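Engineer: I'd like to ask some things about the structure below.
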Amino acid sequence: MLQHFDPNKDYGTPASLSEKLVTLEIDGVEISVPEGTSVMRAAALADINIPKLCATDNLESFGSCRICAVQIEGRRGTPASCTTPAEAGMKVTTQNEKLAKLRRNIMELYISDHPLDCLTCPANGDCELQDMAGAVGLREVRYGFDGENHLDAPKDTSNPYFTFDASKCIVCSRCVRACSEVQGTFALTIDGRGFDSKVAAGQNEDFLDSECVSCGACVQACPTATLMENSVIEMGQPEHSVVTTCAYCGVGCSFKAEMKGDQVVRMVPYKGGEANHGHSCVKGRFAFGYATHKDRIRAPMIRDSIDQPWKEVSWEEAIGFAARRLKEIQAEHGRESIGGITSSRCTNEETYLVQKLIRAGFGNNNTDTCARVCHSPTGYGLKQTLGESAGTQTFDSVMQSDCVLVIGANPTDAHPVFGSLMRRRLREGASLIVADPRHIDLLDTPHLNDSMHLPLRPGTNVALVNALAHVVVTEGLEDKEFIASRCEGDAYSKWRDFISDERHSPEHMEAVTGVAAADIRQAARTYATAGNAAIYYGLGVTEHSQGSTMVMGIANLALATGNIGREGVGVNPLRGQNNVQGSCDMGSFPHELPGYQHVADPVARGRFEAVWGVEIDHEPGLRIPNMFDAAIAGQFRAMYVQGEDIAQSDPNTQHVEQALRALDCLIVQDIFLNETAKFAHVLLPGSTFLEKNGTFTNAERRINRVRKVMPPIAGKEDWEVTVELSNALGYPMNYSHPSEIMDEIASLTPSFKNVSYEKLEQEGSLQWPCNDEHPVGSPIMHVENFPIGDGKAHFAITEFVATTERSSRRYPLLLTTGRILSQYNVGAQTRRTDNQAWHDEDILEVHPHDAEERGIKDGDWLGISSRAGHTVLRALVSERMQPGVVYTTFHHPHSGANVITTDNSDWATNCPEYKVTAVQVEKVTQPSEWQKNFHDNHERQQSFLKEAAAAAAEAQ
Amino acid sequence: MSQSEMDRLVQMINQIAINNISAGDENAVAEMIAGHVQKFWSRRMKQMLGEYTEQGGEELHPAAKLAAEKLLSQAA
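In the order they appear, the protein sequences are chains L and P.
Take 1 as the starting number for the first sequence in UniProt numbering and just add one per residue.
Take 1 as the starting number for the second sequence in UniProt numbering and just add one per residue.
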């Protein structure tokens, strides 16, 4: 990989971004470094390694341990090299007798209060204290060990993933600084003074009970065994590592999978990862145990009916059974009677193959993806306005932002590593505006400066964004030069007339949004005049009946203020799952071939037909909700679902279950018996990200390699299964490695033209478009023109239309749904890890006012009813929402959160309106009927699985 | 044809109409709706819409009905 620094080396202090170089001499070696570089880092860049303990290059220098002392010609004393900036003409000595003696004396003091159990210590082989003792030549501790010390300090084992052993702490503050500077949580501190100084979590609490979010930054920063992964304590040090990409959220963090043979010992965030720069969250860092969980499906299974037990069979038999059923159904019910769903949890290559199988093997375009239910409005809205269905920036761009507008997103929970980066910028002084019905944690960022919360009513996003744009236009805050040169004139004029109308004014919209007009005006002024203003948004924007309109409204606002096309600005959809961007790029939608090329475009279709050797249908296929409707109508009879759990994640669960029950053949490929698989006839074992090769594309369009670190538990990588199914259906596929699939993608997708595994190895990652115009990718989009019409952006008319889902006397509250840090999506992975320690059930947050009216207290069982259904959750009284709004998550299937969400959806894309459901809440004493049925069906389907395993064992 | 499936299609196209009502005059709105349906709906969904329109299309929003008629005339 091409790296301008060695990501495996610790340079002691962070890099300086100055373009001015200074030249100095260290131990007689001349070196030029950017101004502001520390002497320690300058030395490290010249391969001169100065001993250090409190310094590490992802933290600002601290200068507490003094072991990095050096001598500088013409200066008195022995300054710390970590806190001394390199200067032109400086002559530095890092090694001489005086320095050696000083360092030995310091080490002697450290070691006099440190257990000498190196041989049995979990950090043995990876301990900086041990290394430094060796480096300085420590041979004796003259003080003895009988004096007052910390050797009996207690361990804190409350966190399920790491242990805090205070007896080994040298109080270097690296953990405290990592928690503050890198993570931005400030959960740790040094309590006490002098000899009594100690690391404390929260208000001297256990780690688990404190504000600690278990991101692992402190564990990574610790130079001793004080903060140590439990997996290392249990298994010992890893012996090799492989760089790969996290399979959780859309940040796409790079990790080193540190291994013992084919066992993962720990996942360590990779400093060379461009998306995360060596930081992590509790999911990516620690929650990988699901990969080897006992619930993994280890053998293919088939059955004729969903009321029958499973039968374990060979891969050949399962694939043959699936292919035969699909062919029979098509023969009886027609070519369009079957289809499939790709997954944002799978790789680009796997997603590409599934849609190829459907278009070429099934002979129709009935392919869709789970992005349908999350970011499909992003694809539509950004394509209409900016010309490309993707976010415009890198994550790092936020560090150049002067104002950050967050709409309907909760980065510290759902995109935690980027949330930390955003917090860093906010601490540096950027303004924050949050538009969200709920008070999110970002608003509680320590050392936050200027911030505003616009607590709008659920379902009124478009009214709000129109009001913001109205202020920009009517107060003359537009960037007229940008608009004249970069935007299409007619569309702009129409939009300007539309948005200037008084009906969009904050004063008119106040009654609709519930946000004070003065606040909207202030927010608009802050955004428009900040300099660099960036918008970040999430599913709180897209999952509405006007999701697409809102995305276009956001683009309008950015265009009107000239906040597109450079660092620090832009429109940034925060993608939920690891490969949402990639699954959309790879042609998963029924109307688009890979690279967002419409199926009706004869030129694009012709290219695919030439390579695939088949005729492709020029009509779009069915979207997921249309598949469900057609299944219930008896027109759609079979589905191939790879890595997606529509029975849990899609809205109006009863409707989804009715559709799945109606299918003649459901083929599910997954790592677990998920909720959808309970309705399946063929269950094909999936492979986790640790078991396969491929690529993921994150929210900043960054294509990152996924590298296999262990063999697939059931013998096949997911892409191999699709290849075999295709071949069995009579449409030949022949690939020996995912790199060949990527080569085919690159040959057919203009924005991927120069992408290859070879180039990814060289560059580390690539942000598309990556083609002849942008040979090493495009970090920032739309710098010179827009890929739409004549290169000019298109303002869209965004009329506010209230959702039909409104509160009423029968359903007086509005339910909105969201995510929590420790769980991921349907929870299939995180529920099978120790992340359960933080969130083992979905709960309903109720405002104290609504709780009091209903006599609700924390922990009460609440029945939640909507026009779609009824479920029961436990209560948490919380002021995070405004009165009249209740909130829950959907990470646990038995919660039935989607039993109550309706089939209302976005007008343009049918993305479900998860964020607005009118409900009534009342205290109850027992689970809902749906939950009782769910429990019974769960028990029955689990017994079918056990019977299959028992029969297979007996047959052997 | 399932009634609930047809109800859903009517609901979908009416929603497209209502959300684009400010796109211009009735003809412009209908053009926009027709273009959207042409681009995103499946063959069978378009056929169902066509049949429903030929039978009177009673529940269709006026702009949606005009769009459906345009699609029918294009297909003819």
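The beta-carbon is built from N, C-alpha and C at its ideal position, and this holds for glycine as well.
Quantities reported herein were computed from a predicted structural model and do not represent experimental measurements.
Beta carbon of L:N348, beta carbon of L:G694: below 8 angstroms?
Structural biologist: Yes, the pair counts as a contact, with Cβ atoms nearer than the cut-off.
Engineer: Do L:A86 and L:L24 have their C-beta atoms within less than 8 angstroms of each other?
Structural biologist: Contact: yes.
Engineer: Which residues, in order along the segment 617-642 of chain L, keep a beta-carbon less than 9 angstroms from a beta-carbon of chain P?
Structural biologist: The residues in question are D617, E619, P620, G621, L622, R623, P625, N626, D629, A630, I632, A633, G634, Q635.
Engineer: Beta carbon of L:A714, beta carbon of L:P685: below 8 angstroms?
Structural biologist: Yes, the pair counts as a contact, with Cβ atoms nearer than the cut-off.
Engineer: In terms of alpha-carbon separation, which member of L:E128, L:F145, L:L102 lies closest to residue 975 of chain L?
Structural biologist: For residue 975 of chain L there is no data in the structure shown, the boundaries of chain L being 1 and 956.
Engineer: Using a threshold of 8 angstroms, state whether the C-beta atoms of L:D165 and L:T226 are closer than that.
Structural biologist: Yes, the pair counts as a contact, with Cβ atoms nearer than the cut-off.
Engineer: Listing by chain order, which chain L residues have their CB less than 8 angstroms from the CB of P:K39?
Structural biologist: The answer, in chain order, is H591, H598, A600, P620.
Engineer: Is the CB of P:I21 under 8 angstroms away from at least one CB in chain L?
Structural biologist: Yes - at least one Cβ of chain L is within 8 angstroms of the one on P:I21.
Engineer: Does DSSP classify L:S649 as helix, strand or coil?
Structural biologist: It is helical.
Engineer: Would P:E26 count as contacting chain L if we go by Cβ distances under 8 angstroms?
Structural biologist: P:E26 does not count as touching chain L.
Engineer: Is the separation between the beta-carbon of L:T917 and that of L:T901 shorter than 8 angstroms?
Structural biologist: Their beta carbons are under 8 angstroms apart, which means L:T917 touches L:T901 by this criterion.
Engineer: Quick check: what's the CA-CA separation for residue 961 of chain L versus L:L443?
Structural biologist: Since the displayed chain L opens at 1 and closes at 956, residue 961 of chain L lies outside it and no answer follows.
Engineer: So is L:G408 buried or exposed if we call it buried at 16+ other beta carbons inside 10 Å?
Structural biologist: Buried: at least 16 other Cβ atoms inside 10 Å.
Engineer: Distance check for L:Q95 and L:G137, CA to CA, integer angstroms please.
Structural biologist: L:G137 and L:Q95: Cα-Cα distance of roughly 13 angstroms.
Engineer: Using a beta-carbon distance cut-off of less than 9 angstroms, what residues from the segment 541-564 of chain L approach chain P?
Structural biologist: Listed by position, the residues of the segment 541-564 of chain L near chain P (Cβ gap below 9 angstroms) are S545, Q546, S548, T549.
Engineer: By Cβ distance, which residues of its chain are closer than 7 angstroms to L:H508, with the 5 residues on each side in sequence left out?
Structural biologist: Excluding sequence neighbours, L:H508 sits near E502.
Engineer: Which residues bound the beta strand (DSSP E) around L:C215?
Structural biologist: No beta strand (DSSP E) contains L:C215, which DSSP labels as neither H nor E.
Engineer: Are L:H891 and L:H839 closer than 8 angstroms when you measure CB to CB?
Structural biologist: Contact: yes.
Engineer: Closer than 8 angstroms between beta carbons: that is the criterion. Which residues of the segment 642-675 of chain L meet it against chain P?
Structural biologist: Here the close residues number zero.
Engineer: Would you check if the segment 474-489 of chain L and the segment 551-564 of chain L touch, i.e. whether three or more CB-CB distances between them fall below 8 angstroms?
Structural biologist: The segment 551-564 of chain L, when compared against the segment 474-489 of chain L, does touch it at the 8 angstroms Cβ threshold.
Engineer: Can L:R605 and L:L593 be called in contact, C-beta distance under 8 angstroms?
Structural biologist: Yes. Within cutoff.
Engineer: Which residue comes first and which comes last in the beta strand (DSSP E) that contains L:I306?
Structural biologist: Per DSSP, L:I306 belongs to no beta strand (DSSP E) and is neither H nor E.
Engineer: If the cut is a Cβ gap below 7 angstroms, which residues of chain P does L:E799 touch?
Structural biologist: N19, I21, S22, listed in chain order.
Engineer: Return helix, strand or coil for L:E845, following the three-state DSSP convention.
Structural biologist: DSSP places L:E845 in strand when its eight states are reduced to three.
Engineer: For L:W907, decide whether its Cβ has a neighbour in chain A, counting only Cβ atoms nearer than 8 angstroms.
Structural biologist: The question asks about chain A, but that chain is absent: this structure's protein chains are L and P.
Engineer: Let me check understanding here. Comparing Cα to Cα, which of L:C584, L:P912, L:E799, L:G855 lies closest to L:R460?
Structural biologist: Correcting the residue identity first, residue 460 of chain L is Thr in this sequence and not Arg. That would be L:E799, whose Cα lies nearest to the Cα of L:T460.
Engineer: Tell me the residue span of the alpha helix (DSSP H) that contains L:K256.
Structural biologist: Segment 254-260 is the beta strand (DSSP E) holding L:K256; no alpha helix (DSSP H) there.
Engineer: Compute the Euclidean distance between the alpha carbons of L:V313 and L:H870, then round it to the nearest angstrom.
Structural biologist: So the two alpha carbons sit approximately 39 angstroms from each other.
Engineer: Could you check whether the segment 8-23 of chain P touches the segment 331-338 of chain L, counting it as contact only if at least three pairs of C-beta atoms, one from each stretch, sit closer than 8 angstroms?
Structural biologist: The segment 8-23 of chain P is not in contact with the segment 331-338 of chain L.
Engineer: Taking 8 angstroms as the threshold (beta carbon to beta carbon), is P:I16 in contact with chain L?
Structural biologist: Chain L contact via Cβ: present.
Engineer: Pull up the CB-CB distance for L:D57 and L:T84, whole angstroms please, since I reckon it's below 8 angstroms.
Structural biologist: Their Cβ separation, rounded to whole angstroms, is 16 angstroms, which puts L:D57 and L:T84 out of contact at 8 angstroms.
Engineer: Apply the 10 Å Cβ neighbour rule to L:N563 and answer buried if 16 or more other Cβ atoms are within range, or exposed otherwise.
Structural biologist: Its Cβ being crowded by 16 or more others within 10 Å, L:N563 is buried.
Engineer: If we count the other Cβ atoms within 10 Å of its Cβ and call it buried at 16 or more, is L:R41 buried or exposed?
Structural biologist: Answer is buried; the Cβ neighbour count reaches 16.
Engineer: What does P:E5 touch in chain L if you count any residue whose Cβ is under 9 angstroms from its own?
Structural biologist: In chain order: N626, D629, A630, I632, A633, Q635.
Engineer: Within 8 angstroms of any Cβ in chain P, is that where the Cβ of L:C498 sits?
Structural biologist: First, the residue type needs correcting, since residue 498 of chain L is Phe and not Cys in the sequence shown. Chain P contact via Cβ: present.
Engineer: DSSP has L:A918 in a bridge; who is on the other side?
Structural biologist: Answer is L:L814, bridged to L:A918.
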